[in-house]
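Chemist:
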Amino acid sequence: MVMRASVSPKVSVLMVGRWPSISCSRKLRRSWAEIEAIIDASFTERQFQPQVIVTWLAFWGQAPHDETLMRLQRVYARRLQSNLRHELRLLVGDGRAAVVTQGLAAMIDGLWLDMLLNPKHTDRDAAKASVRVFLAGLFPKEFGGKVAANGNAAA
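Residue numbers (the numbering used here): 8 to 162.
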């Protein structure tokens, strides 16, 4: 199914499959593609394994008590937030980008924790779909509110 929604007077969004392709600006298309890549990179098959998630949880639990680990956590968090904020800023401006960035980063961390606590109910594809549904809720104009729970365009 293909849907068209208006992002702004100068930008039109086509929904094809699960993610929009912005038709008027190469820069905006690249921004959406970068956000998609960040989501995919957050839940790679290699990283999204129970042993790796347990290690991250142990790391997060120890970081407040170990300055070296806390510094590494701050570097990781700043890099993720910087990358998201940069791309979102191009799409929605500084103010909204900061709020969305914080929500996305928290959601990614929360999905990792959910995978550890509920491995039978959360897998990496479900995690990525959850992030996409979250974005669709934040950007109803851009997505036309037509993203199914599985992260694909709704019929």
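Just so you know, even glycine gets a beta-carbon here, dropped at the ideal spot from N, CA and C. Given the structure is predicted, the values throughout are model-derived calculations rather than measurements.
Around the Cβ of T51, are there at least 16 other Cβ atoms within 10 angstroms (buried) or fewer (exposed)?
Modeler: Counting Cβ neighbours within 10 Å, T51 comes out exposed, since fewer than 16 surround it.
Chemist: Using CA atoms only, rank isn't needed, just tell me which of V61, L145, R85 and I46 is closest to R131.
Modeler: Ranking the options by Cα distance to R131, first place goes to I46.
Chemist: So, helix, strand or coil for T51, using DSSP?
Modeler: T51 falls in the coil class under three-state DSSP.
Chemist: Does the Cβ of R139 have 16 or more other Cβ atoms within 10 Å, making it buried, or fewer, making it exposed?
Modeler: So R139 counts as buried.
Chemist: Pick helix, strand or coil for N125, following the three-state DSSP scheme.
Modeler: Coil at N125, not helix or strand.
Chemist: Grab the span of the alpha helix (DSSP H) containing G68 for me, first residue to last.
Modeler: That run of the alpha helix (DSSP H) goes P57 to Q69.
Chemist: Can you tell me whether DSSP reads D132 as helix, strand or coil?
Modeler: The answer is helix: DSSP assigns D132 an H, G or I state.
Chemist: Smallest Cα separation from G117: which of K135, R103 and A44?
Modeler: Looking at the Cα atoms, K135 is the closest of the given residues.
Chemist: Quick check on DSSP: helix, strand or coil for D116?
Modeler: DSSP places D116 in helix when its eight states are reduced to three.
Chemist: The alpha helix (DSSP H) with H93 in it runs from where to where?
Modeler: Element bounds for H93: E74 to V99.
Chemist: Would you kindly work out how many angstroms separate the C-alpha atoms of E43 and P71, rounded to a whole number?
Modeler: Their Cα atoms are separated by approximately 31 Å.
Chemist: Can the beta-carbon of T108 be found closer than 7 Å to that of Q88?
Modeler: Taking 7 Å as the Cβ cut-off, T108 and Q88 qualify as a contacting pair.
Chemist: Taking only three categories from DSSP, how would you classify F146?
Modeler: Coil.
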